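Asker: Counting the sequence shown from 1 gives a position; my numbering is that position plus 1415.
Even glycine gets a Cβ: it sits at the ideal position worked out from N, Cα and C.
Since the model is a prediction, treat every value here as computed from it, not as a measurement.
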Amino acid sequence: MSTQRIIQSIYTDGACTGNPGPGGWAVVVYFNDGSIHEMGDASRHTTNNKMEMQAAIAALQYLEASGQNEPITLYTDSEYLINCVTKWVKGWKKKGWKKSDGNPVQNQDLLEILDELNSRLVKWQHVRGHSGNIGNERCDVIARSFASSKIPSLQQLSPGNTSQTLPNTSEVNVVKESDSTRNSTIIPENIPESITFPLEITTMEPSTTSATTTNDEKLPEMRVLQLRNLVETLHIADEISEKGYLITSSELADLMDVHASAVTSRGDQWRWRNWIVSRVRREGNQILWELERGDQVETDTD
1416 MSTQRIIQSI YTDGACTGNP GPGGWAVVVY FNDGSIHEMG DASRHTTNNK MEMQAAIAAL
1476 QYLEASGQNE PITLYTDSEY LINCVTKWVK GWKKKGWKKS DGNPVQNQDL LEILDELNSR
1536 LVKWQHVRGH SGNIGNERCD VIARSFASSK IPSLQQLSPG NTSQTLPNTS EVNVVKESDS
1596 TRNSTIIPEN IPESITFPLE ITTMEPSTTS ATTTNDEKLP EMRVLQLRNL VETLHIADEI
1656 SEKGYLITSS ELADLMDVHA SAVTSRGDQW RWRNWIVSRV RREGNQILWE LERGDQVETD
1716 TD
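(1) Rounding to the nearest angstrom, what Cα-Cα distance links Leu1525 and Ile1472 in this structure?
(2) Just verifying my parser: in three-state terms, what is the DSSP assignment at Arg1697?
(3) Quick check on Lys1465: does DSSP put it in helix, strand or coil?
(4) Of the choices Met1466, Ile1662, Ile1691, whose alpha-carbon is the least far from that of Pro1435?
(5) Going along the chain, which unbroken runs of the alpha helix (DSSP H) with 4 or more residues stay wholly within the segment 1454-1533?
(6) Use the C-beta contact count for Arg1420: other C-beta atoms within 10 angstroms, 16 or more gives buried, fewer gives exposed.
(7) Give every residue of the same chain whose Cβ lies closer than 6 angstroms to the Cβ of Ile1662, excluding the five residues on either side of it in the sequence, and list them in chain order.
(8) Could you tell me if Thr1501 is buried or exposed, where buried requires 16 or more neighbouring beta carbons within 10 angstroms of its beta carbon?
(9) Considering Cα atoms alone, identify which of Ile1651, Asn1700, Ser1560 is closest to Arg1708.
(10) Applying the 10 Å Cβ sphere with the 16-neighbour rule, what's the burial state of Asn1700?
(11) Would you mind stating whether Gly1449 and Gly1438 have Cβ atoms separated by less than 8 angstroms?
(12) Nearest to Cys1499 by alpha carbon, out of Glu1527, Tyr1477, Ala1480, His1545?
(13) According to DSSP, which residues form a beta bridge with Val1444?
(14) For Thr1648 and Glu1485, what's the separation of their Cα atoms in angstroms?
(15) May I have the straight-line CA-CA distance separating Tyr1426 from Asp1492, to the nearest angstrom?
(16) Quick check: the Cα distance between Arg1535 and Leu1475, rounded to an integer number of angstroms?
(17) For a quick check, are the C-beta atoms of Leu1489 and Trp1539 less than 8 angstroms apart?
(18) Using DSSP bridges, identify the partner residues of Gly1436.
(19) Do you know offhand how far Ser1595's Cα is from Gly1455's?
So this is what it looks like as structure tokens:
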């Protein structure tokens, strides 16, 4: 008589090159018997926040399809995602998906899906990125691989494997991509008995992964696209600086393609590329920042 596998925790992550630019998302599901289930996909043109949300959507859909009634912990290194789902979404819905300043909420389509899928079974937990956490690090590798147009080898450890660390690449079962999963998610073989497939993972953005296209064919094109996206990002920063716009920590993190914690931990004034970034004031729960061209500041003080 077989024992039903129970999902204990799920890790999610999103990555984006250029922000906006090519992106990828990843999900790693940990079961009570030591087995692991991994999912992920890519998008040609997206943002980091969208990929974080897409990963969470896939994770919650997987949990829902399992029919599990046991609580789980969902780990993410995106404080923005956690705040959206657990705090801000209620107020946004009451205001007709408008923010306090009257502007429309970004990524409403993804947030509506997340809000519908979220339940009391899910405990949202922040984990610091790039801090050595195995689940978070593995998600980061998968998401960044997809963002770089590389198809990673997704895995599912057998129940008898009790190792606390992830196996080497040579030990991972390479997942074959079928036509039915190419535009949604990649599903490994030997799935848990408590899960039925195919799962209809919601993909809000077109997939770019293809088993017939080699990495060598994609890389030159991707490099050029990444440079174009970088130039676009720098133009946006220049416009923010020239017009004196103040931006929040999360918006600045999106611009820099880093996590919000990396912004707030740097102090009141620091340099990023060509700009001096200064903390101006706090409005409610938001810290507002100002960008000023560093070369202009140096010229004015000469």
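Answerer: The relevant details are as follows:
(1) Taking the first residue of the sequence shown as position 1, residue 1525 is located at position 110. Taking the first residue of the sequence shown as position 1, residue 1472 is located at position 57. So the two alpha carbons sit approximately 8 angstroms from each other.
(2) Residue numbering aside, residue 1697 sits at position 282 when the sequence shown is read from its first letter. Looking at Arg1697 - three-state DSSP - the assignment turns out to be strand.
(3) Indexing the sequence shown from 1 puts residue 1465 at position 50. Note: Lys1465 maps to helix in three-state DSSP.
(4) Translated into the one-based positions of the sequence shown, residue 1435 becomes position 20. Among Met1466, Ile1662, Ile1691, the Cα nearest to that of Pro1435 belongs to Met1466.
(5) 1463-1481, 1494-1498, 1504-1509, 1523-1532
(6) The residue given as residue 1420 occupies position 5 in the sequence shown. Arg1420 comes out buried.
(7) The residue given as residue 1662 occupies position 247 in the sequence shown. Around Ile1662: Trp1704.
(8) As a working mapping, residue 1501 is identified with position 86 in the sequence shown. Flag for Thr1501 reads exposed.
(9) Numbered from its first residue, the sequence shown carries residue 1708 at position 293. Taking only the C-alpha atoms, the option nearest Arg1708 is Ile1651.
(10) One-based indexing of the sequence shown puts residue 1700 at position 285. Answer is exposed; the Cβ neighbour count stays below 16.
(11) Numbered from its first residue, the sequence shown carries residue 1449 at position 34. Numbered from its first residue, the sequence shown carries residue 1438 at position 23. Contact: no.
(12) Counted from its first residue, the sequence shown places residue 1499 at position 84. The residue with the shortest Cα to Cα distance from Cys1499 is Glu1527.
(13) Position 29 of the sequence shown, counting from 1, holds the residue named residue 1444. DSSP output for Val1444 lists Ile1425, His1452 as bridge partner(s).
(14) Indexing the sequence shown from 1 puts residue 1648 at position 233. Indexing the sequence shown from 1 puts residue 1485 at position 70. Looking at the two C-alpha atoms, the distance is approximately 43 angstroms.
(15) As a working note, residue 1426 is residue 11 in the sequence shown. As a working note, residue 1492 is residue 77 in the sequence shown. Taking the straight line from one Cα to the other gives about 9 angstroms.
(16) Along the sequence shown, one-based indexing puts residue 1535 at 120. Along the sequence shown, one-based indexing puts residue 1475 at 60. Cα-Cα distance, rounded: 12 angstroms.
(17) By one-based count along the sequence shown, residue 1489 stands at place 74. By one-based count along the sequence shown, residue 1539 stands at place 124. Cβ distance < 8 angstroms, so Leu1489 and Trp1539 count as in contact.
(18) As a first step, residue 1436 must be located in the sequence shown, where it is residue number 21. Thr1461, per the DSSP bridge assignment.
(19) Start at 1 with the first residue of the sequence shown, and residue 1595 comes out as number 180. Start at 1 with the first residue of the sequence shown, and residue 1455 comes out as number 40. Residue confidence is low: Ser1595 scores 33 on pLDDT, short of 50, so the model does not pin down where it sits. No coordinate-derived value is stated.
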